[in-house]
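Position in the sequence shown (first residue = 1) + 99 = this note's numbering.
The beta-carbon is built from N, C-alpha and C at its ideal position, and this holds for glycine as well.
Please read all numbers here as calculations on a predicted model, not as lab measurements.
Report on the structure given below.
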Amino acid sequence: MKPTTYLLLSLSTRLVHAAVGDKCGATPQRGYCHDLNKGGCKGTISHGDCPWDGSNVKCCQQITRCYRDLQATFCSWPEACGSGSTRLTGLCPGPNDFKCCVNNSLFGFE
């Protein structure tokens, strides 16, 4: 493969991975790339975590208290919830698989 072709393929791959709705933020990734033109972020905005998108796209993360205002809940990607958590749908902004994590052990649900 020619170097130019390799460079173009790697750039196009990075563009795909930086789409609105993709994961972002520090590990564990608890944020998603959000278009601020479509509404505000219900958490904390971090800059530079969605670098291939426009200036209106920022990482929206640290969205907490998604279930009845309980302190031990947070919005996250399912794999970042942890094994002792229940994942609830429809309570968090963002993509469909960005869910509310409820730490069961803190509430005696286990």
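Closest option to S154, judged by alpha-carbon separation, among T185, T143, C200, C132: C132. Between the alpha carbons of G147 and Q161 lies a gap of roughly 16 angstroms.
Positions of the beta strand (DSSP E) runs, each at least 3 residues long and wholly inside the segment 128-182, are given as 130-134, 143-145, 156-160, 172-175 in order along the chain.
With a threshold of 16 other beta carbon atoms within 10 Å, G138 falls short and is exposed. In the displayed model, N202 falls within a strand according to three-state DSSP. Comparing C-alpha distances from G142 to each of D152, W151, G130, P150 shows the shortest one belongs to G130. Of the candidates R186, C180, C123, C123 places its Cα closest to the Cα of I144. Residue state for L190 is assigned as coil, using DSSP reduced to three classes. With fewer than 16 other Cβ atoms inside 10 Å of its own Cβ, S182 counts as exposed.
With respect to the 8 angstroms criterion, S184 and N202 are classified as neighbours on the basis of their beta carbons.
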